[in-house]
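Protein chains in written order, with numbering that gives the first Met the number 0: chain S, 0 to 242; chain V, 0 to 96; chain L, 0 to 544. All residues carry an ideal CB built from backbone N, CA and C; glycine is no exception. Before any comments, here is the structure.
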Amino acid sequence: MSNSQTTTTDHPALVHQFDDMVQQKEASTFGMWVFLLTEIMMFGGLFAAYLIYRLKYYDAFVAGSSSIDVTWGFINTLVLIGSSLTMALAVSAAQRGVRRQQQVFLVLTMVLGTVFLGVKAIEYKQKYDEHHIPGGFFQTFAPTDIAHDLVEKEGKTPEAASQIAERTQIFFCFYFAMTGLHALHMIMGLVLMTWLLVRAGHGEFGPQYYTPVELGGLYWHFVDIVWIYLFPLLYLINRTHGK
Amino acid sequence: MTEGAHPTHKVYYLVFLALVIGTVLTFVVAKIDLGFLNPIIALAIACTKATLVILFFMHVRYSSKLTMLTVAAGFFWLMILITLSLSDYLTRGVIKP
Amino acid sequence: MSSTTQPVTHVMPARHYLNDNYGIRSWLLTKDHKRIAILYLFSITFFFFIGGIFASLIRLHLLTPGGELFQADTYNKLFTMHGVNMIFFFLIPSVPAVLGNFILPIMLGAKDLAFPKINLLSWYIFMGGATFALIAMVSGGVDTGWTFYTPLSSGYVKTNVITMAVGILFAGFSSIFTGLNFIVTTHRMRAPGLTWGRLPLMVWANYAASLIMILGTPVLAITLILLALERGFHIGIFDPKLGGDPVLFQHMFWFYSHPAVYIMILPGMGVISEIVTCFSRKRVFGYSFIAFSSIAIAVFGFVVWAHHMFVAGISVYSAMVFSLLSYAVAIPSAVKVFNWTATMYKGSVSLDTPMLYALGFIGLFTVGGLTGLFLAALGLDVHIHDTYFVIAHFHYVMVGGMVMAYLGGLHFWWPKITGKLYPEAAAKLAALITFIGFNLTFFPQFILGYMGMPRRYATYAPEFQVLNVFSTAGASILAVGFILPAIYFVWSLKYGEVAGPNPWGATGLEWQTSSPPPTHNFYQTPVVTEEPYYYGTEEEVRVVQ
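What follows is the structure, given as structure tokens:
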């Protein structure tokens, strides 16, 4: 269906409670922002708890942070930033009604998102191999390598080292909780992108109606922003020990 | 408020570049020992990157005041949670009951 | 009433939202905010009675000091289930999801809320949460108290904490979506001429409550998720054995749960504003003060949460800060009480049932609110924390305040919702019974608490028995007061007098349309040209008296 002949009051996508497409777009966009507000608070709760424990158990957090692979984290940050670019370009293409470009950029965004999740899977597997998963449900938590590094590289006594290593359990709780919640949001984002891709393929979006893509973009950028904070907070607590 | 202007593609690419540079910078600075400045710089760069994404990728620069207020409210409320909780933890033992 | 014309016999409109479409699918797949409000009405009434049953069992058990009726473990489950049901599955959705959903779009002159499908989704999410909660209850209940303090809840009890936590999580998301809908609708869908300064105070109140819903509930969500993870996977965020801090759970829990009490009371206050002005036939005194005090309560309510933790081990410095802020948050509420009273002064007050409930609210909420100040005082709280003083305080604000407001609103808008009038005599009787029963139940508890009777204990010292017996007697009277409306409301559906569009002669857009309203609320988009609550000039009001 073409969107060049429809006015803002008889567009097929106009729903009954709104007077015109302008009101619909404004309300929908505002609604997405309010939803993102709730997401800020949800992740924020985790961030607040993380902050408190980082202050309380700084040494353990440093040790835990040093044991996760910063190169993967760095790569993932670039991947997500790239996906934000492609998403912004997808929204722009939707606004101009250029179907091909919409599809290309949406697919690119999804590919980058999948790469991100793939890297996370590799990282999680690394943690599993190193026995750093806390809780004892998936495996026994055994941070012997961390304790070892603390003794060898930091010159701590074995007792202090083993205590700090035990405490890294809290760091890893937050590592998995924060990146896990983030990954869950990524997966939901990919589902969202798929839906948008299908609709874009039907030529639904153009200058008069591209709100779903815009809203999808807002969601995607938000997930990117969460990672922008997660990267330094989890991976870069203290990297000046030459590891 | 009707649609605001949208950024040009050039703006998008520039922002992207800035984000990449910011990431590299964070990575590099983290390896240098600056004591207490390390986390501050890392977070400052993160905040700058977030601001760029919000203003340009999320079009807030071109949106209504209501949108900007909503974003600001989110961070403000997060600050309430963090600051007031910390006010407990950081002052334990300061005044004896 | 002021009318001296002949009584008009009204007829039900031919087509309205209730008979526009028949069949279960038209209800379960409805996008009409009015039908969704009715769906919520059924759900929360059910949970109100479940919570009420638990309350009855508690009061029966507490007739004797030795706790012979139930074992201590069972008693723990009773008060936990009472709290969880009442707070998450009745109070929080009550006014917003029932009255707000129904009346807000009409008050705004809109055809529906901004996102009707999300509105329906919020009900389904609520029912999902309700299902989990019922499963948790039926399969043994939870016994940690509705506050789920760790490490008891995360590592020690054997009851269905996770199932219940998931249920509450869902209920929380339901309220987030309701709040989101209200906020967007209020900002973006007001009728022409309806500026913020002309909004009914019910809208301001629900808007403020919605702000709290979206800003606070997500923190509860993450707290419950962490609790479930800790319990399920034995990780140690809150467990001291693994280095975790139980006080952190309390910080995160109360960051939501304190503002939650304002989610519960603000919409009720909105209802009271509507009722008081209508039944005093006078414009609300200090409209902007009441409007802004709602926002002030919403904002201030977020910075006082640690007053629940004064004796939990937080620093004395932060306790002093939170104590001071807790005193500050009482001020906007007091402003409202003064303004309602001033509205009634020299007004033409008629004591119909909604007004009776409103008057009850004003008195009882004031008592509850003032006793909150007792609890906010650090030194005093050391003595009365975790005693029946606290229980009496929050029941005064929640039941004496909120439930009365809800019932008042239900009576006030019943004619609009159903097109029928409830029987006024029976309703007045029920209101009186409720008031008497309530005070007899909860006033003794202030004394009990002050004398030292702790809460959440299955037994108590024998010298407390007399007051406990009074309290239980009051509870049985209160139960009658709550059951009566259930009966006569249902009765009124078939035998009630037809109400007509505006049985109360009230101002407001909702009274300009038929009772019940058509599916799209209005036949023509209304245009608002005057300020709210215009009942005539002072002169006209005095002449009418």
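Query raised in the report: How long is the line joining the alpha carbons of H15 of chain L and N501 of chain L, rounded to whole angstroms?
Result: Within the third sequence, residue 15 of chain L is the residue found at index 16, counting from 1. Within the third sequence, residue 501 of chain L is the residue found at index 502, counting from 1. Distance between the alpha carbons of H15 of chain L and N501 of chain L: 16 Å.
Requested in this report: May I ask you to report which of helix, strand or coil DSSP gives Y395 of chain L?
Outcome: One-based indexing of the third sequence puts residue 395 of chain L at position 396. It is helical.
Query raised in the report: DSSP three-state call for Y208 of chain S: helix, strand or coil?
Result: Residue mapping note: residue 208 of chain S aligns to position 209 of the first sequence, counting from 1. If DSSP states are grouped into helix, strand and coil, Y208 of chain S belongs with the strands.
Query raised in the report: Name the chain S residues whose beta carbon is nearer than 8 Å to that of S86 of chain V?
Result: Mapped onto the second sequence, residue 86 of chain V falls at position 87. Those do not exist, as S86 of chain V stays about 11 Å from chain S at its closest Cβ, beyond 8 Å.
**Report entry** V497 of chain L (DSSP reduced to helix, strand or coil)
**Finding:** For the purposes of this step, residue 497 of chain L is taken as the residue at position 498 of the third sequence. DSSP places V497 of chain L in strand when its eight states are reduced to three.
Query - Where T386 of chain L sits in the DSSP three-state scheme - result: As a position in the third sequence, residue 386 of chain L is number 387, starting the count at 1. Here T386 of chain L sits in strand by DSSP.
Query raised in the report: T524 of chain L: which of L:P104, L:I43 and L:P64 sits nearest, CA to CA?
Result: Within the third sequence, the letter at position 525 stands for residue 524 of chain L. The candidate whose alpha carbon is nearest that of T524 of chain L is L:P104.
Query raised in the report: In three-state terms, what does DSSP make of P199 of chain L?
Result: Position 200 of the third sequence, counted from the first residue, corresponds to residue 199 of chain L. Three-state result, P199 of chain L: coil.
**Report entry** Residue interval of the alpha helix (DSSP H) (run including Y74 of chain L)
**Finding:** Reading the third sequence from its first residue, position 75 is the one you call residue 74 of chain L. Run containing Y74 of chain L: A71 to M85, per the alpha helix (DSSP H) assignment.
**Report entry** Interface flag, F75 of chain V vs chain S, CB-CB below 7 Å
**Finding:** By 1-based counting over the second sequence, the position of residue 75 of chain V is 76. It does not: the Cβ of F75 of chain V has no partner Cβ on chain S nearer than 7 Å.
Query raised in the report: Quick one: which chain L residues come within Cβ less than 7 Å of V33 of chain S?
Result: By one-based count along the first sequence, residue 33 of chain S stands at place 34. In chain order: L179, I182, V183 and I213.
Report task. Note the first and the last residue of the continuous alpha helix (DSSP H) segment covering T352 of chain L. Result -> Residue 352 of chain L sits at position 353 when you count from the first residue of the third sequence. T352 to A375 is the extent of the alpha helix (DSSP H) around T352 of chain L.
Query raised in the report: Given L196 of chain S, which residues of its chain have a CB within under 6 Å of its CB, disregarding the five upstream and five downstream residues?
Result: Locating residue 196 of chain S in the first sequence gives position 197, where the first residue counts as 1. If we look at L196 of chain S and ignore the five residues flanking it on each side, its Cβ neighbours are L105.
Requested in this report: Counting only runs of 4+ residues fully inside the region 251 to 338 of chain L, write out the alpha helix (DSSP H) ranges in chain order.
Outcome: 286 to 299
Requested in this report: Report yes or no: is there a C-beta of chain S within less than 7 Å of the C-beta of Q544 of chain L?
Outcome: In the third sequence, counting from the first residue as 1, residue 544 of chain L sits at position 545. Note that Q544 of chain L scores 42 on pLDDT, short of 50, meaning its location in the model is unreliable; the coordinates nonetheless yield the value given after this. Contact with chain S is absent for Q544 of chain L, since none of that chain's Cβ atoms lies less than 7 Å from the residue's Cβ.
Report task. Assuming A498 of chain L and K419 of chain L form a contact by the criterion Cβ under 8 Å, report the distance between their Cβ atoms to the nearest whole angstrom. Result -> Counting from 1 along the third sequence, the entry for residue 498 of chain L is found at position 499. Counting from 1 along the third sequence, the entry for residue 419 of chain L is found at position 420. Yes, A498 of chain L and K419 of chain L are in contact; Cβ-Cβ is about 6 Å, under 8 Å.
Query raised in the report: To the nearest angstrom, how far is it from the Cα of I49 of chain L to the Cα of G267 of chain L?
Result: Position 50 of the third sequence, counting from 1, holds the residue named residue 49 of chain L. Position 268 of the third sequence, counting from 1, holds the residue named residue 267 of chain L. One C-alpha to the other measures close to 22 Å.
Query raised in the report: Leaving out five residues before and five after D244 of chain S in sequence, what residues of the same chain have Cβ atoms less than 8 Å from its Cβ?
Result: Absent from the model: residue 244 of chain S. The displayed extent of chain S is 0 to 242, so no value can be given.
Report task. Since I believe M308 of chain L is in contact with V246 of chain L (beta carbons under 8 Å), could you give me their beta-carbon distance rounded to a whole number of angstroms? Result -> Counting from one through the third sequence, the residue named residue 246 of chain L turns up at place 247. Counting from one through the third sequence, the residue named residue 308 of chain L turns up at place 309. Confirmed, Cβ separation roughly 7 Å.
Requested in this report: Tell me, please, whether the CB atom of I81 of chain V is closer than 7 Å to any CB atom in chain S?
Outcome: If you number the second sequence from 1, residue 81 of chain V lands on position 82. Chain S contact via Cβ: present.
Query raised in the report: Looking at chain V, which residues of the region 49 to 71 of chain S have a Cβ within less than 8 Å of any of its Cβ atoms?
Result: Going along the region 49 to 71 of chain S in chain order, one finds L50, I51, L54, K55 and V69 with a Cβ nearer than 8 Å to chain V.
Report task. Compare the C-beta of S1 of chain S with all C-beta atoms of chain L and state if any pair is closer than 7 Å. Result -> Position 2 of the first sequence holds residue 1 of chain S. Residue confidence is low: S1 of chain S scores 44 on pLDDT, short of 50, so the model does not pin down where it sits. No coordinate-derived value is stated.
Report task. Just the chain V side, please: which residues come within less than 7 Å of S317 of chain L by C-beta, in chain order? Result -> Here residue 317 of chain L refers to the residue found at position 318 of the third sequence. Going along chain V in sequence order, the residues near S317 of chain L (Cβ under 7 Å) are S86, D87 and T90.
Query raised in the report: Buried or exposed: where does A48 of chain S fall if 16 or more other Cβ atoms within 10 Å of its Cβ makes it buried?
Result: Residue numbering aside, residue 48 of chain S sits at position 49 when the first sequence is read from its first letter. Buried, because 16 or more other Cβ atoms sit within 10 Å of the Cβ of A48 of chain S.
Query raised in the report: DSSP state of K110 of chain L, grouped into three classes?
Result: Residue numbering aside, residue 110 of chain L sits at position 111 when the third sequence is read from its first letter. Note: K110 of chain L maps to coil in three-state DSSP.
Report task. Using three-state DSSP, classify F443 of chain L as helix, strand or coil. Result -> The sequence position of residue 443 of chain L within the third sequence is 444, counting from 1. For the sequence presented, residue 443 of chain L should be read as Pro rather than Phe. In the structure shown, P443 of chain L sits in a helix (DSSP, three-state: H, G or I).
Query - Chain-order list of residues whose beta-carbon lies under 6 Å from that of Y11 of chain V (same chain, five-residue window excluded) - result: Translated into positions along the second sequence, residue 11 of chain V becomes position 12. Once the five neighbours on either side are set aside, Y11 of chain V has no close Cβ partner at all.
Query raised in the report: Would you say H250 of chain L faces chain V, with C-beta separation under 7 Å as the test?
Result: Taking the third sequence and counting its residues from 1, the one referred to as residue 250 of chain L is at position 251. Closer than 7 Å to some Cβ of chain V, the Cβ of H250 of chain L qualifies, so yes.
Query raised in the report: Who pairs with P453 of chain L in a beta bridge, going by DSSP?
Result: To locate residue 453 of chain L, count along the third sequence from 1; it is residue 454. Beta-bridge pairing links P453 of chain L to L:T386.
Query raised in the report: Under a CB-based cut-off of 7 Å, is A120 of chain S close to chain V?
Result: Residue mapping note: residue 120 of chain S aligns to position 121 of the first sequence, counting from 1. False, the Cβ-Cβ gap to chain V never drops below 7 Å.
Query raised in the report: Is there a Cβ from chain V that is less than 7 Å from the Cβ of L235 of chain S?
Result: For the purposes of this step, residue 235 of chain S is identified with residue 236 of the first sequence, where counting begins at 1. Judged by the 7 Å Cβ criterion, L235 of chain S is in contact with chain V.
Requested in this report: Would you mind working out which of L:Y356, L:L374, L:S513 and L:S491 sits nearest I435 of chain L, comparing C-alpha positions?
Outcome: Here residue 435 of chain L refers to the residue found at position 436 of the third sequence. Considering only alpha carbons, the answer is L:Y356.
Query raised in the report: DSSP three-state call for K126 of chain S: helix, strand or coil?
Result: Translated into the one-based positions of the first sequence, residue 126 of chain S becomes position 127. If DSSP states are grouped into helix, strand and coil, K126 of chain S belongs with the helices.
**Report entry** Contact between the region 298 to 305 of chain L and the region 325 to 345 of chain L (3+ Cβ pairs under 8 Å)
**Finding:** yes
Query raised in the report: Would you report the Cα separation of F288 of chain L and R280 of chain L, rounded to the nearest angstrom?
Result: Residue numbering aside, residue 288 of chain L sits at position 289 when the third sequence is read from its first letter. Residue numbering aside, residue 280 of chain L sits at position 281 when the third sequence is read from its first letter. Using only the alpha carbons, I get a separation of about 19 Å.
Query - Proximal chain L residues relative to F29 of chain S, where beta-carbon distance stays under 9 Å - result: Reading the first sequence from its first residue, position 30 is the one you call residue 29 of chain S. A113, I182, V183, H186 and R187, listed in chain order.
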